[in-house]
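Following: one structure in structure tokens, then a few remarks.
2 protein chains.
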Amino acid sequence: MLTERQIQVLKVIIDEFIQSAQPIGSRAIAKKDGITASPATIRNEMADLEELGFLVKTHTSSGRVPSEKGYRFYVDHLLIPFQLSSQDMGVIQHTFAREMLEFEKVVQQSAKVLSDLTSYTSIVLGPQVFETTLKKIQIVGLSDHSAVAILVTSSGHVEHRYFNVPKMLKSSDLEKLVNILNDRLVGVPIIQLEQKLSGEIAGILQEHMSNLDKTYAFLQQALLEEQPAKLYMDGKTNMMRQPEFNDIQKIQSLFSIMEQEDEIAKLLKTSDKGIKVFIGHENQIREMQDCSLITASYSLGDKQLGTIALLGPTRMEYSKVISVLNALSVQLSRTFDSWY
Amino acid sequence: MLTERQIQVLKVIIDEFIQSAQPIGSRAIAKKDGITASPATIRNEMADLEELGFLVKTHTSSGRVPSEKGYRFYVDHLLIPFQLSSQDMGVIQHTFAREMLEFEKVVQQSAKVLSDLTSYTSIVLGPQVFETTLKKIQIVGLSDHSAVAILVTSSGHVEHRYFNVPKMLKSSDLEKLVNILNDRLVGVPIIQLEQKLSGEIAGILQEHMSNLDKTYAFLQQALLEEQPAKLYMDGKTNMMRQPEFNDIQKIQSLFSIMEQEDEIAKLLKTSDKGIKVFIGHENQIREMQDCSLITASYSLGDKQLGTIALLGPTRMEYSKVISVLNALSVQLSRTFDSWY
DNA sequence: TTTAGCACTCAAGGTTACAGAGTGCTAACA
DNA sequence: TGTTAGCACTCTGTAACCTTGAGTGCTAAA
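Shown next as structure tokens:
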């Protein structure tokens, strides 16, 4: 569809624009290595590329700027694998060399590295518990009417939920309850907890003890309550350094949406394996339609755990960002695998 | 030191400037209720107030703007108690009416209410564990070389720390360890854990078992590791709506410092009881020297638990902010008290 | 001590002029 | 037929200039 030369011109324009954020003129392109045609010829090609929707002008006599369609073509067909500098690789290695025992810390550090290496905003969705099994459950009474249930999963995740207990309940009853739960639930995938709790276990409990009904209802409610996935973002302020966001209005609307972590989390949850690129209006969230979002996933074994992503202006260093995400995705998966 | 009329003029200027963010001229002041003097007289007073350091001009022929010294005087002597609107009170009531069982949720909601009611940025330092005692300790092995220790405090706080265990350790030994720890440590104030762990307990363990040494060292390290206090901020983007921050540079430096939560936490930790106002350069952090920070504390019984604060431009609605902080501080303390 | 009057200052906004970058089109060229 | 040089045209950004309006400081009178 596009001629060889058109592709060449398009690539030069996007590469240059990613660096300079300025519209690119025909003269500048003609000077580039690999380009033999004269400015006039380039102008003709540019007019064609504009007609095809790959380029736009900011005003009648300005140079050209890539359109979203242009970026899409660039990402799909023109991307050359980016070799991370040994310095950048060093930063990653160094970060993961420190012994870290916690998911949280690892994930948080990843967000930091991502934004540091790219100067964009990183978003990391913490590991989901879906795929793990229950390792231990413990209940600790706090007062005569409240208690906390603590769950430890096979992946080492610790969660706790508070719930009410009726005043008349004896602590020995609570102990009995914990024992039954541990007997029956250890090893059960977290995702099956709901089913087990309301089926099997409920029956057993009814046999053994009468006054536990109410407690059990509260506990069940606490355990099944959907916990929002942990979200880590880093380098938000990097966005302010991008020339496309030197407008308070834009910054504000972008930051407003970034404060709504649940929205962002929803966005990243749906991502599946591999690298995904969302350019401008391909983003569901309106406030992000001047931006591109690139997501990747990390896993434990073959189970997908979570998502890492980078948000930047549509004029993004796609090539580098994808490499960094790749490297980090591998590194994260490797780290988690080494734990088990 | 200041005449009655000077005080009157100063108050009008600050009140007006807080509303309009524009320099105030003598004519505007003369028109105000309660002011009988003519613009010329006011001008003389203003010149005096400027000489005394309470006012500044933005340029030779502009109206006057309060200086930090002016705000300080205003806060110390001119503040009239602000009556929260019943609507605002309603928002607070309503937020706390919903049953909440967790410190985290309550504290997070508080941050939200604070920023919603004031249109500034709220900062809430989560409850510190210093004053609480240990209620329960539990250790769960995760793999053959790692485990997680879970602590529950008397205030219902749950914390967990990961640590290494030598491979040769039997799980029965771990159990023994937990039992000893629970026997000896339950009821001990968290703040005394360090002492107990390295003194008394270390001795007992040495008697009972030999191969626990290494595990114990790791556990001790994990437990004593200083956990950063949880910090909740809300309404950061409110700052962008303030006219004094319609400059990307300023916004950026402010947001950069707000991302450094450890710095902020350090700042709030030092606060003691009652409301404290830090105006402009009274703030330790350079990037905040265009801002004022107002802090208050909340408590459980007579033990101070944490800090709530509001960050805004020096041109802040001091009166309202202080009322809101007061109301919330009371509400928070009341909520926590009701739990125990 | 207060006030009216007046000259003076400064910021902000609008207008004009101009240079620079870049385009599209035409006509000549290979 | 594709490529290129030349040229008129368009638009942006910046600087210089002017005008307006708000506000001051000072002086002299009340």
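Chains A and B are the protein sequences, given in the same order.
Using the working numbering, you'd call the opening residue of the first sequence number 1 and step up by one each time.
Using the working numbering, you'd call the opening residue of the second sequence number 1001 and step up by one each time.
Each residue gets a CB set at the ideal place from its N, CA and C atoms; glycine is no exception.
query	result
Contact belief for I190/A with T121/A at Cβ below 8 Å, rounded distance in angstroms	The pair is not a contact, with the Cβ atoms about 30 Å apart (cut-off 8 Å).
Where Y318/A falls: helix, strand or coil (DSSP)	helix
Three or more C-beta pairs below 8 Å linking the region 1234 to 1245 of chain B and the region 1133 to 1142 of chain B	no
8 Å Cβ cutoff, L114/A in contact with chain B	no
Short CB-CB distance (under 8 Å) between T237/A and chain B	yes
Backbone secondary structure at K1011/B - three-state DSSP	helix
Integer Cβ distance of R72/A from I275/A, believed to fall under 8 Å	Their Cβ separation, rounded to whole angstroms, is 14 Å, which puts R72/A and I275/A out of contact at 8 Å.
Residue interval of the alpha helix (DSSP H) (run including N238/A)	N238 to R241
Integer Cβ distance of T1307/B from L1268/B, believed to fall under 8 Å	4 Å
Min CB distance S1146/B to chain A below 8 Å	yes
Ordered list of alpha helix (DSSP H) runs contained in the region 1082 to 1164 of chain B, each at least 4 residues	1086 to 1097 and 1103 to 1118
Extent of the continuous beta strand (DSSP E) to which T307/A belongs	K303 to P313
Residue from P243/A, G301/A, L49/A and A147/A whose Cα sits closest to the Cα of G312/A	P243/A
Minimum C-alpha distance to A40/A - residue among G25/A, F54/A and G53/A	G25/A
Chain B contact residues for Y74/A, given Cβ-Cβ distances below 8 Å	Correct list: empty, because the minimum Cβ distance to chain B is about 28 Å.
Backbone secondary structure at L193/A - three-state DSSP	helix
As assigned by DSSP and simplified to three states, the class of L1002/B	coil
P1228/B burial status per 10 Å Cβ neighbour count (16 or more: buried)	exposed
Delimiting residues of the beta strand (DSSP E) encompassing P39/A	Careful: P39/A lies outside any beta strand (DSSP E), inside the alpha helix (DSSP H) at P39 to E51.
Own chain partners of L1325/B with C-beta closer than 7 Å, once the 5 adjacent residues on each side are dropped	I1275, I1294, A1296, I1308 and L1310
Unbroken beta strand (DSSP E) run spanning V56/A, endpoints	L55 to K57
Beta bridge counterpart(s) of R64/A as assigned by DSSP	I24/A and K57/A
M1046/B versus G1070/B: straight-line alpha-carbon distance, rounded	12 Å
Terminal residues of the alpha helix (DSSP H) in which L300/A lies	Not the alpha helix (DSSP H): L300/A falls in the beta strand (DSSP E), residues C291 to L300.
Inter-residue spacing [alpha-carbon to alpha-carbon] between Y1318/B and V1186/B	45 Å
Neighbour flag for Q138/A against chain B, beta carbons, 8 Å	yes
8 Å Cβ cutoff, F359/A in contact with chain B	Residue 359/A lies beyond the residue range present for chain A, which begins at 1 and ends at 340; the question has no answer from this structure.
Residue range of the beta strand (DSSP E) that includes F245/A	Segment: none, F245/A is in no beta strand (DSSP E) and carries neither H nor E.
From D1048/B, H1077/B and L1078/B, residue whose alpha carbon lies closest to that of R1064/B	D1048/B
Any 3 or more C-beta pairs closer than 8 Å across the region 1089 to 1097 of chain B and the region 1321 to 1339 of chain B	yes
CB contact check: I308/A to chain B, cutoff 8 Å	no
G1126/B versus E68/A - alpha carbon distance	44 Å
8 Å Cβ cut-off: residues of chain B touching L101/A	S1146, Y1162, F1163 and N1164
According to DSSP, residues forming a beta bridge with D1234/B	S1122/B
Beta-carbon proximity of Y162/A to G1301/B, cut-off 8 Å	no
Close-in-space but distant-in-sequence residues of the same chain around V148/A (CB under 8 Å, 5 per side omitted)	I139, V140, L142, H160, R161, Y162 and F163
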